[in-house]
């Protein structure tokens, strides 16, 4: 538990907590960005530079902007004061989340002595990643390409105006 | 001191926060934010196990995390497209008010 780890963990968890508790949805999106940046720092600390920078590019660069756009597009007719920001059965949700964390934390703490120990930092070059993607993982790569194409087309079709309505 | 349990605990806590957000918020976009937090907590687990696992040179968890990020990006695009479409029909993003699937 180095001080750097504690600070980054504090940032990430505070950002995550703010993202799901704040009242203003734009503030929630900004807090989500803080949490995602903290996770990117975690990835960099874990010697996964490629994933860390991919996280910054994809999540902070694209997903956060997408979330902000969706919030601003759907904000116009918000019935703000109709029963608060949480659903009617929020207590059950909180209890379920606390129970899930209790089970996960118990499992982690019980298995802590058996977990793998610190090893030398692996040096991952982009060349190695490319070779792995084009060799052993070429089939998942193709499937992800297909998935991204269909998600692109699907998102456009779902969000598109239908004939006759609106416009 | 072994650093792996620390990362796993942070990931578990972030997952629980995301789950609580997804289960309790009424705004559909906030539910999607909760789901994004849960997916990212899983990614942190994958990278931590890859880094401290017995064979980091095999890149297994590393590439799994990259594929997971790609799938999460597709999920976010489709999910937010659906929210915008629902908002156009019902004029609300309150999931308590979305109680019928017929358009």
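Chains as they are written, first to last, in our numbering: chain H, 1 to 167; chain S, 1001 to 1103. Where is the CB? At the ideal position from N, CA and C, for every residue including glycine. Fair warning: this is a prediction, and the values are worked out from it, not measured in the lab.
Using a Cβ-Cβ cutoff of less than 8 Å, which residues in the same chain neighbour residue 67(H) once the five nearest sequence positions on both sides are dropped?
29, 32
Are residue 41(H) and residue 64(H) close, meaning C-beta to C-beta below 8 Å?
It is not a contact, given that the beta carbons lie outside the stated cut-off.
Assumed close pair residue 1034(S), residue 20(H) - CB separation to whole angstroms, cut-off 8 Å:
6 Å
Please compile the residues from chain S whose C-beta is within a distance smaller than 8 Å of the C-beta of residue 74(H).
1029, 1083, 1084, 1087, 1093
Using a Cβ-Cβ cutoff of 8 Å, what residues of the segment 48-61 of chain H are near chain S? List them in chain order.
48, 50, 51, 54, 55, 58, 59
If you measure beta-carbon to beta-carbon, which residues of the segment 1002-1024 of chain S are closer than 9 Å to chain H?
1002, 1003, 1004, 1005, 1006, 1007, 1008, 1009, 1010, 1011, 1012, 1013, 1014, 1015, 1016, 1017, 1018, 1019, 1020, 1021, 1022, 1023, 1024
Note down, in chain order, every chain S residue with its Cβ under 7 Å from the Cβ of residue 140(H).
1067
Cutting at 7 Å between CB atoms, please list the residues of its own chain near residue 133(H), excluding the five before and the five after it.
141
Verify the CB distance criterion: does residue 94(H) have a CB-CB separation below 8 Å to chain S?
yes
In terms of alpha-carbon separation, which member of 1051(S), 1063(S), 1007(S) lies closest to residue 131(H)?
Closest option to residue 131(H), Cα to Cα, is 1063(S).
Pick from 1023(S), 1051(S), 1052(S) that is closest to residue 1038(S), judged by C-alpha positions
1023(S)
Counting contacts by CB-CB distance shorter than 8 Å, is residue 1044(S) in contact with chain H?
yes
For a cutoff of 8 Å on Cβ pairs, would you count residue 1037(S) as touching chain H?
yes
Span of the alpha helix (DSSP H) around residue 1007(S):
1004-1024
What runs of the alpha helix (DSSP H), each 4 residues or longer, lie entirely inside the segment 41-129 of chain H?
Runs of the alpha helix (DSSP H) inside the segment 41-129 of chain H: 49-55, 64-73, 90-111.
Let me know the secondary structure DSSP gives residue 1027(S) once reduced to three states.
strand
Which residue marks the beginning of the alpha helix (DSSP H) containing residue 140(H), and which one marks its end?
138-159
Go ahead and label residue 1100(S) buried or exposed: buried means 16 or more other beta carbons lie within 10 angstroms of its beta carbon, across all protein chains shown.
exposed
Output the distance between the C-alpha atoms of residue 160(H) and residue 73(H), rounded to the nearest integer angstrom.
13 Å
Measure from the C-beta of residue 977(S) to each C-beta in chain H and report whether the shortest distance is under 8 Å.
Given that chain S is displayed from residue 1001 to residue 1103, the structure contains no residue 977(S) and the question cannot be resolved.
For residue 55(H), which residues from the same chain have a beta carbon less than 8 Å from its beta carbon, with the 5 sequence-adjacent residues on both sides left out?
36, 39, 40, 43
Using C-beta distances below 6 Å, list every residue in its chain close to residue 1007(S), excluding the 5 sequence neighbours before and after it, in chain order.
1048
Residue 1059(S): contacting residues in chain H (beta-carbon distance under 8 Å):
Ordered by position in chain H, the residues that pass the 8 Å Cβ test against residue 1059(S) are 124, 128, 129, 132.
Sorted by chain position, which residues of the same chain lie with C-beta nearer than 8 Å to residue 1093(S)'s C-beta, five sequence neighbours on each side aside?
Contacts found: 1027, 1028, 1029, 1083, 1086, 1087.
Chain S residues whose Cβ lies nearer than 7 Å to that of residue 154(H)
1078
Name the chain B residues that come within less than 9 Å of residue 37(H), Cβ to Cβ?
Absent here is chain B; the protein component of the structure consists of chains H and S.
Leaving out the 5 sequence neighbours to the left and right, which residues in its chain are closer than 7 Å to residue 122(H) when beta-carbon positions are compared?
47
How would you label residue 146(H), buried or exposed, when you count the other beta carbons within 10 angstroms and need 16 or more for buried?
exposed
Classify residue 8(H) as buried or exposed, calling it buried when 16 or more other Cβ atoms lie within 10 Å of its own Cβ.
buried
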